[in-house]
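See below for the structure under consideration.
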Amino acid sequence: MYKILKYSFYDLIRSRWSFIYLLFYLLLGIVLLFLNSNLSNAIVTLLNVITVLIPLIGTIFGVMYYYDSKEFTELLLAQPIKRSNIFLGQYLGVAISLSISLIVGLGVPFIYYGLFISDKIFEFLTLIIVGTFLTFIFTAISFFIAISFENKIKGFGVAILVWLLLAVIYDGVFLIFLVYFEQYPLDMFSLGAIMSNPIDLARTLMLLKLDISALLGYTGAVFKKFFGTNLGVILSYLVLIFWMIIPILGIVWKSNKKDF
Amino acid sequence: MITFHDVKKDFGKLEVLKKINLKINQGGIFAILGPNGSGKTTLIKSILGMVIPQSGAIKIHDQNILKQWKYREQIDYLPQIANFPANLKVIELINMIKDIRSGNCREQELIQLFKISHFLDKKLGHLSGGTKQRVNLVLTFMFNSPLIILDEPTSGLDPVALITLKELIIKEKKAGKTIIITSHIMSFVEEISDEIVFILDGNIHFQGTISALKEQTKENHFEYAIASILKENYV
Numbered sequence: 012m013y014k015i016l017k018y019s020f021y022d023l024i025r026s027r028w029s030f031i032y033l034l035f036y037l038l039l040g041i042v043l044l045f046l047n048s049n050l051s052n053a054i055v056t057l058l059n060v061i062t063v064l065i066p067l068i069g070t071i072f073g074v075m076y077y078y079d080s081k082e083f084t085e086l087l088l089a090q091p092i093k094r095s096n097i098f099l100g101q102y103l104g105v106a107i108s109l110s111i112s113l114i115v116g117l118g119v120p121f122i123y124y125g126l127f128i129s130d131k132i133f134e135f136l137t138l139i140i141v142g143t144f145l146t147f148i149f150t151a152i153s154f155f156i157a158i159s160f161e162n163k164i165k166g167f168g169v170a171i172l173v174w175l176l177l178a179v180i181y182d183g184v185f186l187i188f189l190v191y192f193e194q195y196p197l198d199m200f201s202l203g204a205i206m207s208n209p210i211d212l213a214r215t216l217m218l219l220k221l222d223i224s225a226l227l228g229y230t231g232a233v234f235k236k237f238f239g240t241n242l243g244v245i246l247s248y249l250v251l252i253f254w255m256i257i258p259i260l261g262i263v264w265k266s267n268k269k270d271f
Numbered sequence: 002m003i004t005f006h007d008v009k010k011d012f013g014k015l016e017v018l019k020k021i022n023l024k025i026n027q028g029g030i031f032a033i034l035g036p037n038g039s040g041k042t043t044l045i046k047s048i049l050g051m052v053i054p055q056s057g058a059i060k061i062h063d064q065n066i067l068k069q070w071k072y073r074e075q076i077d078y079l080p081q082i083a084n085f086p087a088n089l090k091v092i093e094l095i096n097m098i099k100d101i102r103s104g105n106c107r108e109q110e111l112i113q114l115f116k117i118s119h120f121l122d123k124k125l126g127h128l129s130g131g132t133k134q135r136v137n138l139v140l141t142f143m144f145n146s147p148l149i150i151l152d153e154p155t156s157g158l159d160p161v162a163l164i165t166l167k168e169l170i171i172k173e174k175k176a177g178k179t180i181i182i183t184s185h186i187m188s189f190v191e192e193i194s195d196e197i198v199f200i201l202d203g204n205i206h207f208q209g210t211i212s213a214l215k216e217q218t219k220e221n222h223f224e225y226a227i228a229s230i231l232k233e234n235y236v
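The listed protein sequences derive, respectively, from chains A and B. Quick note on my numbering: the first sequence kicks off at 12 and runs consecutively. Quick note on my numbering: the second sequence kicks off at 2 and runs consecutively.
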């Protein structure tokens, strides 16, 4: 698996798109920090960008890489390598190279601005960790979808649909639900609803870290009580790990029974 | 030795292999023949574990290959259509496969043999079909494994390369290897194969030597003998 990972990683890190992705974060970081001159505000703005953009980029890169490297995959399948290792190696190659673009792209301007002498270092770290989690989760989901569909267009369509569902539609439905059932106790329901969407979970984790949970409105207190405690934080990260492992297991399972 | 026990495979409604029973002995050249879509490539890919049969067992040296991968160290495989990553250079691809599949390697000798030394720095996407096939052949033969599987090895080759390939296959056979070939070029098959397997609509219709086939069909020419099996089954 390590060798496949190595080749996928080098292949991607040399590609124009990872470079553009890196450049985008660099520019965004620089613009936000040096025009705004406020670390906290920059982190909040980045949070909003990251929770939508990372899942989208992870999805597109994952699907594109899978279909683009199909020829190479077929070559590898005839070699003495375990099947699941081929796909896991490729998946990790994509996820790691995207994460590096994120970490370097945001890390450089923030460190240059003076992150280490500010008190916002843990907020920034949470942002990076949450972003990396989202990269790994959505790349895995898109790889799983791509393996499941032989047809490129179909695979791409389904992957984008899943992104749309989790990043946009889910929140809308959630909100409608909250408004509609206002009179009922919705604490546990909303906790559960947030836990079952990695993007919402990532956003909530960040908002509470930034101590602006008041923005969350009336359920904010409940979240604060839940996510603010150590147990809440640990549980949230466990759920994120769970969100990552499920599609990875899916990749292994699908790859073992697919015909090429 | 490769054995197929009641191997069945369908892709949705399409039954590609219908309870195949086959035994391929150690040493010699075996040609798998059949019309387009008869299941040749599926048969070959199931030996490699790229296609997973619905039922039945495939054994290599009495070892069931299902979910195994180590056994592929003993196999060299030439895929039918040389689909290579387009933005890699030939030499990069060779080194990559060498690195992924460690083992003794004789690529220099083959690069000379198939005359691709001045293509080594070219990108694979820029090569012609025939040159790609020569690169494909180098990649296949460079590991010196005891079982060689060639899916349409002649496609796109010019006469010179074809002769080189023929000589190489015969040399490998003399070294005691088992070689499985699919081809549509009957003269090529007749010239080199020891035994043929004729597959039609997912069933094996004949297995034996070419002379046995001629005898069975009472035809003097190999091509006519093949045609007569086809007619028997279609008319």
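All C-beta atoms, glycine included, are put in the ideal place defined by N, C-alpha and C. Please read these numbers as outputs of a predicted model, since none were measured by experiment.
Buried versus exposed, by CB contacts within 10 Å (16 or more), residue i
{"i": "I180/A", "result": "exposed"}
{"i": "A176/B", "result": "exposed"}
{"i": "E173/B", "result": "buried"}
{"i": "K24/B", "result": "exposed"}
{"i": "G293/B", "result": "Since the first residue shown for chain B is 2 and the last is 236, residue 293/B is missing from the structure and cannot be characterised."}
{"i": "M255/A", "result": "buried"}
{"i": "N137/B", "result": "buried"}
{"i": "F121/A", "result": "buried"}
{"i": "L242/A", "result": "exposed"}
{"i": "I164/B", "result": "exposed"}
{"i": "Y21/A", "result": "exposed"}
{"i": "S103/B", "result": "exposed"}
Spatial distance of residue i from residue j (CA atoms)
{"i": "A53/A", "j": "I156/A", "result": "34 Å"}
{"i": "I30/B", "j": "D77/B", "result": "14 Å"}
{"i": "F237/A", "j": "I61/B", "result": "58 Å"}
{"i": "F127/A", "j": "L43/A", "result": "17 Å"}
{"i": "E74/B", "j": "P91/A", "result": "5 Å"}
{"i": "K133/B", "j": "F83/A", "result": "14 Å"}
{"i": "P54/B", "j": "F30/A", "result": "43 Å"}
{"i": "I171/B", "j": "M2/B", "result": "19 Å"}
{"i": "S212/B", "j": "Q27/B", "result": "20 Å"}
{"i": "L79/B", "j": "K81/A", "result": "16 Å"}
{"i": "H206/B", "j": "I197/B", "result": "11 Å"}
{"i": "K163/A", "j": "Y78/A", "result": "7 Å"}
{"i": "F142/B", "j": "Q69/B", "result": "22 Å"}
{"i": "K268/A", "j": "G239/A", "result": "43 Å"}
{"i": "S47/B", "j": "Q81/B", "result": "14 Å"}
{"i": "I245/A", "j": "F253/A", "result": "12 Å"}
{"i": "V190/A", "j": "D198/A", "result": "13 Å"}
{"i": "L272/A", "j": "S108/A", "result": "The structure shown has nothing for residue 272/A, since chain A only spans 12 to 271."}
{"i": "L114/B", "j": "I182/B", "result": "20 Å"}
{"i": "E108/B", "j": "I97/A", "result": "24 Å"}
{"i": "A213/A", "j": "V55/A", "result": "13 Å"}
Residue span of the beta strand (DSSP E) that contains residue i, given as start and end
{"i": "D11/B", "result": "3 to 12"}
{"i": "V17/B", "result": "15 to 25"}
{"i": "F199/B", "result": "196 to 201"}
{"i": "A58/B", "result": "56 to 61"}
{"i": "T179/B", "result": "179 to 183"}
{"i": "I1/B", "result": "Chain B is shown from 2 up to 236; residue 1/B falls before or after that span and cannot be answered."}
{"i": "L44/A", "result": "Run containing L44/A: none in the beta strand (DSSP E); it sits in the alpha helix (DSSP H), 27 to 47."}
{"i": "I149/B", "result": "148 to 152"}
First through last residue of the alpha helix (DSSP H) which encompasses residue i
{"i": "L34/B", "result": "Not the alpha helix (DSSP H): L34/B falls in the beta strand (DSSP E), residues 29 to 34."}
{"i": "Q217/B", "result": "211 to 218"}
{"i": "K220/A", "result": "209 to 220"}
{"i": "Y124/A", "result": "94 to 124"}
{"i": "D22/A", "result": "13 to 24"}
{"i": "I164/A", "result": "163 to 175"}
{"i": "I53/B", "result": "Where I53/B is concerned, there is no enclosing alpha helix (DSSP H), given that its DSSP letter is neither H nor E."}
{"i": "L64/A", "result": "50 to 79"}
{"i": "Y181/A", "result": "181 to 191"}
{"i": "M143/B", "result": "Unbroken run through M143/B: none, as it is neither H nor E."}
{"i": "S129/B", "result": "Per DSSP, S129/B belongs to no alpha helix (DSSP H) and is neither H nor E."}
Listed by chain order, chain E residues near residue i by CB distance under 8 Å
{"i": "K220/A", "result": "Given the protein chain composition of this structure (A and B), no chain E is represented."}
**Prompt:** Closer than 8 Å, Cβ to any Cβ of chain B: which residues of the region 86 to 114 of chain A, in chain order?
**Reply:** Answer in chain order: L86, L87, L88, A89, Q90, P91, I92, K93, R94.
**Asked** Is it a yes or a no for the region 164 to 172 of chain A touching the region 67 to 77 of chain A, going by three-plus beta-carbon pairs under 8 Å?
**Response** In this structure the region 164 to 172 of chain A touches the region 67 to 77 of chain A; the number of beta carbon pairs closer than 8 Å is three or more.
**Asked** If you measure beta-carbon to beta-carbon, which residues of the region 151 to 173 of chain B are closer than 9 Å to chain A?
**Response** Those would be none; no residue qualifies.
**Request:** Could you name the residues of the region 61 to 84 of chain B whose beta carbon sits closer than 8 Å to any beta carbon of chain A, in the order they occur along the chain?
**Result:** Those residues of the region 61 to 84 of chain B that come within reach of chain A (Cβ to Cβ, closer than 8 Å) are K68, W70, K71, Y72, R73, E74, I76, Y78, P80, N84.
**Item:** Any 3 or more C-beta pairs closer than 8 Å across the region 92 to 104 of chain B and the region 107 to 115 of chain A
**Value:** Verdict: no, contact absent.
**Item:** Cβ-based contacts, 8 Å cut-off: residues of the region 63 to 85 of chain A near chain B
**Value:** Residues of the region 63 to 85 of chain A with a Cβ closer than 8 Å to any Cβ of chain B, in chain order: S80, K81, E82, F83, E85.
**Prompt:** Within the chosen definition, does the region 194 to 209 of chain A reach the region 19 to 38 of chain A through at least 3 CB pairs nearer than 8 Å?
**Reply:** No, they do not touch.
**Message:** Does the contact criterion of 3 or more C-beta pairs under 8 Å hold for the region 144 to 160 of chain B versus the region 184 to 197 of chain B?
**Reply:** Yes, they touch.
**Message:** Using a Cβ-Cβ cutoff of 8 Å, what residues of the region 89 to 108 of chain B are near chain A? List them in chain order.
**Reply:** Closer than 8 Å at the C-beta level to chain A, one finds these residues of the region 89 to 108 of chain B: M97, I98, D100, I101, R102.
**Message:** Whether or not the region 107 to 126 of chain B and the region 41 to 52 of chain B are in contact is what I'm after, with contact meaning three or more pairs of Cβ atoms, one per stretch, closer than 8 Å; do they touch?
**Reply:** Flag = no, the region 41 to 52 of chain B and the region 107 to 126 of chain B do not touch.
**Prompt:** If you measure beta-carbon to beta-carbon, which residues of the region 192 to 212 of chain A are closer than 9 Å to chain B?
**Reply:** For the region 192 to 212 of chain A, no residue has a beta-carbon sitting nearer than 9 Å to a beta-carbon of chain B.
**Request:** Check whether the region 92 to 104 of chain A touches the region 129 to 141 of chain A, counting contact only when three or more Cβ pairs, one atom from each stretch, lie closer than 8 Å.
**Result:** Contact between the region 92 to 104 of chain A and the region 129 to 141 of chain A is absent: fewer than three C-beta pairs spanning the two stretches fall below 8 Å.
**Request:** Please name the residues in the region 17 to 42 of chain A whose beta-carbon is closer than 7 Å to at least one beta-carbon of chain B, in chain order.
**Result:** Hits within the stretch, in order: Y18.
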